[in-house]
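Each residue of the sequence shown is one higher than the one before, counting from 14 in the numbering used here. Data first, discussion second: the structure below is written as C-alpha cells.
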Amino acid sequence: MVGSCQGTPQKELKTKSSCLTSSLIATSGKALHTSAPSSNSEWIIDFGATNHMTFENHHIQSMKPSEQHRVSTANGTPSLVVGEGSITLTENLSLDLVLVVPNLNHNLLSVAQ
Numbered sequence: 014m015v016g017s018c019q020g021t022p023q024k025e026l027k028t029k030s031s032c033l034t035s036s037l038i039a040t041s042g043k044a045l046h047t048s049a050p051s052s053n054s055e056w057i058i059d060f061g062a063t064n065h066m067t068f069e070n071h072h073i074q075s076m077k078p079s080e081q082h083r084v085s086t087a088n089g090t091p092s093l094v095v096g097e098g099s100i101t102l103t104e105n106l107s108l109d110l111v112l113v114v115p116n117l118n119h120n121l122l123s124v125a126q
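Here it is in C-alpha cells:
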C-alpha cells in the first residue's frame with residue numbers, strides 16, 4: 014500500500030505515529046509496504062536512489078556478483094554492494110537488478126530505475 018502524510022514537509026522524515034499507512038516516509042512523502050517475508054518488509058520510495066537496493070540477500074532470486082561494487086548513501090558514506098538479483102514483492106510486482114547493500118537500514122525502491 015502506498016500512503017502519504019498530508020501536511021508533512023517533504024524533506025522531513027516522520028514516524029508511524031504521524032502517518033497511518035506507512036511506518037517511514039521518504040523524501041517523496043510516500044512509502045511502500047509489502048507482505049514480502051522479511052524482518053523489515055518496507056520499501057521506501059527514493060527519488061535519489063539510482064538502483065533498487067535491499068539490505069537482505071536471502072530473498073534475492075538469481076543472486077550474482079554486481080558490476081557495481083559500492084554505492085554512496087544519502088550521508089555520503091560509501092557502502093559495499095555484495096551482489097544483485099531479482100526480488101518478488103507481491104504476486105504482481107517483481108524488481109530486477111536489485112543491489113544487495115548490507116549496511117542499509119531500509120529497502121529502497123528507486124524511482125529512476
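For every residue, glycine included, the Cβ atom is placed at its ideal position computed from N, Cα and C.
Per DSSP, the unbroken beta strand (DSSP E) holding Gln74 starts and ends at Gln74 to Lys77. If you draw a 10 Å sphere on the C-beta of His72, you find 16 or more other C-beta atoms in it, and that means buried.
The residues Met66, Thr67, Phe68, Glu69, Asn70, Ile73, Met76, Ser79, Val94, Val95, Gly96, Glu97 and Gly98, in chain order, have a CB closer than 8 Å to that of Val113 in the same chain once the five nearest residues on each side in sequence are set aside. The beta carbon of Thr63 sits closer than 8 Å to those of Val84, Ser123, Ala125 and Gln126, all from its chain and outside the five residues before and after it, given in chain order. Looking at the DSSP output, Gly98 sits in a beta bridge with Val111.
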